[in-house]
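Colleague:
Residue numbers (this note's numbering): 26 to 121.
1. Go to residue 99, then tell me how far its beta strand (DSSP E) extends in each direction, as first and last residue.
2. Can you pull the DSSP bridge partners for residue 18?
3. Can you tell me where the alpha helix (DSSP H) with residue 25 in it begins and where it stops?
4. Does the structure place the stretch 66-73 close enough to the stretch 104-113 that three or more beta carbon pairs sit under 8 Å?
5. Does DSSP put residue 81 in a helix, a strand or coil?
6. Here's the rule I'm using: 16 or more other beta-carbon atoms within 10 Å means buried, otherwise exposed. How should residue 45 be labelled?
7. Identify which residue in 96, 100, 103 has its Cα closest to the Cα of residue 41.
Set out below in C-alpha coordinates:
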(Lines of atoms letter the chains of each structure in order from A and count residues from 1; the text may use other names and numbers.)
(Lines give C-alpha, C1' and ligand atoms only; values in the text may rest on other atoms or scores of the structure.)
Protein backbone atom coordinates (compact mmCIF):
# COMPACT_ATOMS: atom_id res chain seq x y z
CA UNK A 1 0.00 0.00 0.00
CA UNK A 2 1.50 3.32 -1.06
CA UNK A 3 1.16 6.31 1.23
CA UNK A 4 0.05 9.56 -0.30
CA UNK A 5 0.58 11.64 2.85
CA UNK A 6 2.29 11.42 6.20
CA UNK A 7 -0.66 9.84 8.02
CA UNK A 8 0.23 6.36 9.22
CA UNK A 9 3.98 6.92 9.35
CA UNK A 10 5.85 6.89 12.62
CA UNK A 11 9.29 8.32 13.19
CA UNK A 12 11.73 7.87 16.06
CA UNK A 13 12.33 10.66 18.52
CA UNK A 14 15.43 12.78 18.04
CA UNK A 15 17.15 10.91 20.88
CA UNK A 16 16.28 7.49 19.44
CA UNK A 17 17.60 8.56 16.02
CA UNK A 18 20.81 9.85 17.62
CA UNK A 19 21.35 6.55 19.49
CA UNK A 20 20.73 4.54 16.32
CA UNK A 21 23.15 6.70 14.33
CA UNK A 22 25.82 6.28 17.02
CA UNK A 23 25.31 2.51 17.07
CA UNK A 24 25.64 2.33 13.29
CA UNK A 25 28.76 4.51 13.42
CA UNK A 26 30.31 1.97 15.78
CA UNK A 27 29.90 -0.71 13.09
CA UNK A 28 32.16 1.25 10.73
CA UNK A 29 35.39 -0.03 12.26
CA UNK A 30 36.72 -3.49 11.23
CA UNK A 31 38.09 -4.31 14.69
CA UNK A 32 34.81 -3.43 16.38
CA UNK A 33 32.97 -5.60 13.84
CA UNK A 34 35.31 -8.52 14.64
CA UNK A 35 34.65 -8.02 18.35
CA UNK A 36 30.89 -8.00 17.79
CA UNK A 37 31.10 -11.10 15.57
CA UNK A 38 33.00 -12.88 18.33
CA UNK A 39 30.43 -11.81 20.92
CA UNK A 40 27.63 -13.15 18.72
CA UNK A 41 29.04 -16.56 19.65
CA UNK A 42 28.90 -15.87 23.39
CA UNK A 43 30.36 -14.02 26.33
CA UNK A 44 34.14 -13.85 26.50
CA UNK A 45 37.07 -11.96 28.00
CA UNK A 46 39.14 -9.09 26.64
CA UNK A 47 42.14 -11.40 26.18
CA UNK A 48 40.12 -13.85 24.06
CA UNK A 49 38.60 -11.02 22.03
CA UNK A 50 42.06 -9.59 21.39
CA UNK A 51 43.31 -12.94 20.13
CA UNK A 52 40.25 -13.43 17.92
CA UNK A 53 40.46 -9.88 16.52
CA UNK A 54 44.21 -10.12 15.98
CA UNK A 55 45.05 -7.04 18.03
CA UNK A 56 46.25 -6.07 21.50
CA UNK A 57 44.11 -6.31 24.65
CA UNK A 58 44.61 -2.55 25.12
CA UNK A 59 43.18 -1.80 21.67
CA UNK A 60 40.25 -4.18 22.25
CA UNK A 61 39.53 -2.55 25.62
CA UNK A 62 39.34 0.85 23.93
CA UNK A 63 36.95 -0.49 21.30
CA UNK A 64 34.84 -2.21 23.96
CA UNK A 65 34.59 1.04 25.89
CA UNK A 66 33.14 2.75 22.81
CA UNK A 67 30.78 -0.16 22.15
CA UNK A 68 29.62 -0.09 25.78
CA UNK A 69 28.97 3.67 25.65
CA UNK A 70 26.95 3.11 22.47
CA UNK A 71 24.86 0.49 24.31
CA UNK A 72 25.96 -2.40 22.07
CA UNK A 73 27.77 -4.49 24.70
CA UNK A 74 27.60 -5.01 28.45
CA UNK A 75 30.14 -6.41 30.83
CA UNK A 76 30.45 -8.20 34.14
CA UNK A 77 33.42 -8.53 36.44
CA UNK A 78 34.51 -11.84 37.91
CA UNK A 79 37.54 -11.32 40.13
CA UNK A 80 40.18 -9.61 38.01
CA UNK A 81 38.55 -10.65 34.73
CA UNK A 82 35.97 -8.66 32.79
CA UNK A 83 33.64 -10.56 30.49
CA UNK A 84 31.70 -8.94 27.67
CA UNK A 85 28.49 -9.90 25.89
CA UNK A 86 26.14 -8.33 23.39
CA UNK A 87 23.68 -5.98 25.08
CA UNK A 88 20.89 -7.39 22.90
CA UNK A 89 20.83 -10.34 20.47
CA UNK A 90 19.52 -7.98 17.77
CA UNK A 91 22.92 -6.26 17.75
CA UNK A 92 24.32 -9.35 16.05
CA UNK A 93 21.77 -9.09 13.26
CA UNK A 94 23.34 -5.78 12.23
CA UNK A 95 26.70 -7.51 11.77
CA UNK A 96 25.64 -10.70 10.05
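In this text, a Cβ means the ideal position worked out from N, Cα and C, and glycines have one as well.
Modeller: This is what the structure gives:
1. Segment 98-103, the beta strand (DSSP E) holding residue 99.
2. Outside the displayed range of the chain (26 to 121) lies residue 18, so it cannot be described from this structure.
3. As displayed, the chain neither begins before 26 nor continues past 121, which places residue 25 out of reach and without an answer.
4. Yes, the stretch 104-113 is in contact with the stretch 66-73.
5. In the three-state reduction of the DSSP assignment, residue 81 falls in the coil class.
6. Taking a 10 Å sphere around the C-beta of residue 45, we find fewer than 16 other C-beta atoms and assign the residue as exposed.
7. The residue with the shortest Cα to Cα distance from residue 41 is 96.
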